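Here the structure is laid out as C-alpha cells; the discussion comes afterwards.
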Amino acid sequence: MKDKYLEKMEEWNRNFFKNYKKMEKKIVAQLEKQGQEYFILNDCYQMLGRFEPTLSEYCEICEKLGKNEGGLILHYMHLNDIPNVIKQLKFVKNTKNYFIYKDFDKYQDSGKVLQSKYISIKYDMNLEEIANLIFEQTNKIDRFIAKEWKGLLPPVIRVVLMDHIGPTSYNRDLFEMFLPVKDMKKNDTLLIVSNIVHETFHLVNSEIIKNTKFGNDLTMNSFKLLLEGYAQLIQDKFNKEGDDKRKAADFYAREIAVKGVFHFSDLKEKWNKLFSEAEVNIHTLALSFAFFLEDKFEYEKLKRLFFPLEEVKEGSWLEYEENYFGQKIDDLLDEWKEGLIRNKALVKEIESVKTPDICLNCKKYKDLTDKLDCTIDRFRQKNKNKFECNRFDKEINTIVIYRSKSGFVKKYAEWISEELTADLKEYSQVSINDLSKYRTIIYGGGLYVSGINGVKFITNNMHKLDDKKIIVFATGASTGKPEDLDNIKRKNFTYDQLKSIKIFYLRGGFDFKKLKFPYTIIMRLMKWKLSRQEFLTSDEKGMLDSFDNPTDFTSKENIEELVEECRRK
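Per my numbering, residue 3 is the first one in the sequence shown, and the count goes up by one each step.
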C-alpha cells in the first residue's frame, strides 16, 4: 500500500505544470529527510530526475541500480558532467541512435544562462553571438506560447545550443531541448527561434498525452504524422509565413501523390521507417495534411486534439483520434490526396515562377525530392530581390558560356557547369557586362575550319576581363592531335591573349543534318575538297565518312583536366 506522501505525489502529478513548484519543494524535503533509500525501496526514484536540485541524486541511483546504459546522456549533459557523458556515449556507440548524440562530448559550456519569462538558454562557449541574437527574441516566444498554451506551460523551457550538426534531442524530464546550431549564421536566427516554438509544443504535448490511457507511445498509428504536422503548422503561425508555405507544401504532396512514389497510408503506419529510409520529405507531407485538417475542422479543434485535458475514455490513440474527428484516418488521408490531385491551378501557379540561373544545376537532379525542393524554394522566394538557393552553401563565381550548333558543345557545357556548380548561359543570353560578378569565365564553341564558333565574344573584350580566369574549350570530330591544337591557338588567339587564356580541345562529333546555313555551305565545300584529294589522313577519312554516318565521341571523362584547371587557384 502506498504511503500518503506517494499518494500526494500522484495526485499532484496529474496536473504537473500547475504543481511543479510544490512537487519540487516536497521532493527535495523528502530526499533530505529519508535519503536515497526511500526512493529506491518505493521504486519512485524517477521523480528525482525531473527537478534540477535532485538531478545528481537521480544519476547516482541509476548508476547504483545499473540503469545507466546510455539513458543518462542528457541528464549528465544538463549537469555539464562531460566525463560521464563520454561514459554514457560508449554504451550507445554501436546503436542506431548514436548519430543523435555523436558530438555531445565536445560540448563546452559557456557558464552563462540567458533567462526570459519561460525560456532559459545555455550554450556552448563558441556560440555566444548567436545565443544572444536568439535571446533578443525570447519575449516574442514567451508571448506566443503563453497565448497558444496558456496554463499548460512548465515554469521553464530549457534550451541548450550545441555546436554540432544533428537532430534535436530532448530531456523530457526537465523540459529541455538540445538544438544543433553549428555553422548557422545571423540570418538563421529566425529559424532557430521558430524551432524553439516547435520543440516546446513537443515537450508540452508529451507531458499531457502520457496521462491518457494509451500514454506517449511514439509507435502509435498516425500519432507522429499528426504530431509533426501540427508542430510545423504552429511554427508556421509563429513565423507568419502566409499562404506561400501552404501552397509549397501542397505542391510537394501533390507531386508525390501524382507520381505514386509511395502509398499515403504508409505515413500513418510506417512513420519511423519512412523517416530513416524514404527518399521523400515526410515532414512537408505532414504539414500539407495538417493544413487540410485545419481547413476541415478549424484550427482550435485541431489544436485540442493534442491537449486532451478531460479524461480520455479510449484505450488507443487511433480510437481516440478517429472518435475525435468522427472519421477514419484512412478516409481523411484519401480525401486529402484526392483534393491535391484535383488542384491543377496550384501546379500552374508554382511552375510559372522563373528559374534563376543558380537553379539550372538543381534541374539536373535525378532525386525527386531535390527537384521539388528547388521548385518550392523558388516559389516561396518569388518576391525577393535576391534568390537564395538552399542546395548550395557557396557563392557561384564561375560561368560557362556556350555556342552550340550540333549539341556537342552544349553537352560539355552542361557537364562542366554541373561539376563546378557554375552558372550556365547560351551565347545569345549573356552580355560582356554580365560577367563582372564572376571570377572564372569558361567559353565553349564548335570548330569550323579551325575557327572556334563565337570566340570573338571573348577575344574582342579581353580588356574588360583582365582580372578574370579565362578558359576556352573547342569541340570537333577529330582526335585532337598536338599539331591541330597548335593550329587552333594560332588561328583564334594572339600571342598576348594566349598568356591569359587556357585552351582545351574536347572531342565532340559531327552530324551534318543538325547544321544550319551558312555552316552547311562551309561543310559542303569541305566535303567537296576532301572527296577530290588523292591521299587522306585518318582524321580526314573519318570526317568524310561522318557526312553520311553521324558520330558522337563526347565523354564526361574528357572534361576532367579542364575542371581540375578551374579548381586550381
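C-beta: ideal position from N, C-alpha, C; glycine also.
Every value quoted in this text rests on a predicted model; they were computed, and no experiment measured them.
Buried/exposed call for residue i, threshold 16 Cβ in 10 Å
i    : result
L564 : buried
D395 : Note that D395 scores 46 on pLDDT, short of 50, meaning its location in the model is unreliable; the coordinates nonetheless yield the value given after this. When all chains shown are included, D395 counts as exposed.
D265 : Here residue 265 is His; the residue named in the question, Asp, does not match the sequence. H265 comes out exposed.
S502 : exposed
T202 : buried
K66  : exposed
Q90  : buried
V87  : buried
Q237 : buried
Y497 : exposed
N494 : buried
E257 : buried
S430 : exposed
Residue i versus the options, residue with shortest Cα-Cα distance
i    : options                : result
K298 : C376, S419, L335       : L335
N455 : D468, T477, K187       : T477
L235 : F291, Y404, E321       : F291
Q32  : F19, M11, K20, F18     : M11
A347 : L500, I198, A250       : A250
G511 : H285, Y414, L311, G51  : Y414
L228 : P156, Y445, F327       : F327
K491 : K466, G453, A479       : G453
A148 : I343, T191, V199       : V199
K212 : V87, K98, V314         : V314
E420 : D486, V402, I434, K407 : V402
E302 : E131, N325, Y232       : Y232
L374 : L311, I444, K339, I284 : I284
I210 : I472, C376, L307, W417 : L307
F381 : I398, N399, E353       : E353
D175 : M464, F53, Y404, V349  : F53
D468 : L487, T481, L500, Y450 : L500
K98  : F459, K275, Y450, S406 : K275
T191 : S224, E130, P169, I378 : E130
D107 : N96, I84, K114, Y125   : I84
K412 : S557, E323, I63        : S557
I42  : G51, T56, I63          : I63
L116 : L163, N345, K188       : L163
For residue j and residue i, believed in contact at Cβ under 8 Å, the rounded distance
i    : j    : result
V432 : V457 : With 8 Å as the limit, V432 and V457 do not qualify as a contact, their Cβ atoms being about 14 Å apart.
I159 : L205 : 7 Å
S196 : F240 : 5 Å
S408 : G446 : About 13 Å separates the two Cβ atoms, so there is no contact after all.
E312 : N325 : No, E312 and N325 are not in contact; Cβ-Cβ is about 13 Å, not under 8 Å.
M186 : I132 : 6 Å
Y440 : N489 : Not a contact, Cβ separation roughly 29 Å.
I561 : L487 : Incorrect: roughly 16 Å between the Cβ atoms, too far for contact.
E340 : A288 : With a Cβ gap of about 18 Å, E340 and A288 do not count as contacting.
K470 : I443 : 5 Å
Cutoff 6 Å; reference residue i; Cβ partners in own chain excluding five residues on either side
i    : result
M222 : W319
V94  : G72, Y100
M127 : Q110, S112
K92  : none
I434 : N463, K466
F459 : none
Residues bridged to residue i (per DSSP)
i    : result
I444 : V402, I473
Q2   : Coverage of the chain is limited to positions 3 through 571, which leaves residue 2 absent and any answer about it impossible.
E428 : Y404
V411 : DSSP lists no partner for V411.
K24  : DSSP lists no partner for K24.
Y172 : M179
F506 : F475
M2   : As shown, the chain starts at 3 and ends at 571. That puts residue 2 outside it, with no answer to give.
I454 : L449
G511 : D554
Beta-carbon contacts of residue i that lie in its chain and below 7 Å, excluding the five residues immediately before and after
i    : result
N173 : L76, H77, H80
R16  : N213
E296 : L235, L304
V260 : I343
T140 : S118, I121
R570 : none
R248 : F293
E559 : none
E271 : N223
W14  : N21, K24, M25
Cβ of residue i within 9 Å of any chain C Cβ
i    : result
I143 : Considering every chain present, this structure includes no chain C. It has just one protein chain.
Close-in-space but distant-in-sequence residues of the same chain around residue i (CB under 8 Å, 5 per side omitted)
i    : result
G153 : F19, K20
N134 : L116
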